[in-house]
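Just so you know, we're using this note's numbering here: the sequence shown kicks off at 12 and counts up by one. Ideal Cβ positions, reconstructed from N, Cα and C, are used throughout, including at glycine. Have a look at the structure below before the remarks.
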Amino acid sequence: MTMGSFYEIPVGTAAPDVVAAAGKPYAIHKKEDGSVEYEYIERFKVGGRDTEERHYFLLIKEGKVVSKRVKQSSPPPYIFDSYEMQTTDSNAPPQ
Numbered sequence: 012m013t014m015g016s017f018y019e020i021p022v023g024t025a026a027p028d029v030v031a032a033a034g035k036p037y038a039i040h041k042k043e044d045g046s047v048e049y050e051y052i053e054r055f056k057v058g059g060r061d062t063e064e065r066h067y068f069l070l071i072k073e074g075k076v077v078s079k080r081v082k083q084s085s086p087p088p089y090i091f092d093s094y095e096m097q098t099t100d101s102n103a104p105p106q
């Protein structure tokens, strides 16, 4: 799912239509009130590494979307070692 496709799904859309448009959710979270929340993830990569994620949530109640939200996250900068990324040759034999 992308931000564009997320906004193209209006509140009131039937659950089967969500899956037809966006595909199978990454996860389905069951809520105490009987509703379910579909979670989709969009990952952004730079040089083969995930640099950012967007989590899209669609709350389904009585078979229809009743609310939507987006959670955006970026990994902490200390996860990336820029020196290693620039100097490591992935084709080199192990030492």
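* To do: Have a look at I71 and S85 and give me their C-alpha separation to the nearest angstrom.
  => 27 Å
* **Spatially closest choice to K41 from L69, K82, M12, Q83, by CA coordinates** => L69
* **Residue from G58, V76, E50 with nearest C-alpha to Q83** => E50
* Local Cβ density within 10 Å of P21, reported as buried at 16 or more and exposed below that -> With a threshold of 16 other beta carbon atoms within 10 Å, P21 falls short and is exposed.
* Opening and closing residue of the alpha helix (DSSP H) in which S16 lies -> 14-18
* Only counting runs of 3 or more residues, tell me where the beta strand (DSSP E) segments fall wholly within the segment 45-73, in order along the chain. => As far as the segment 45-73 is concerned, its whole beta strand (DSSP E) runs of at least 3 residues are 47-57, 60-72.
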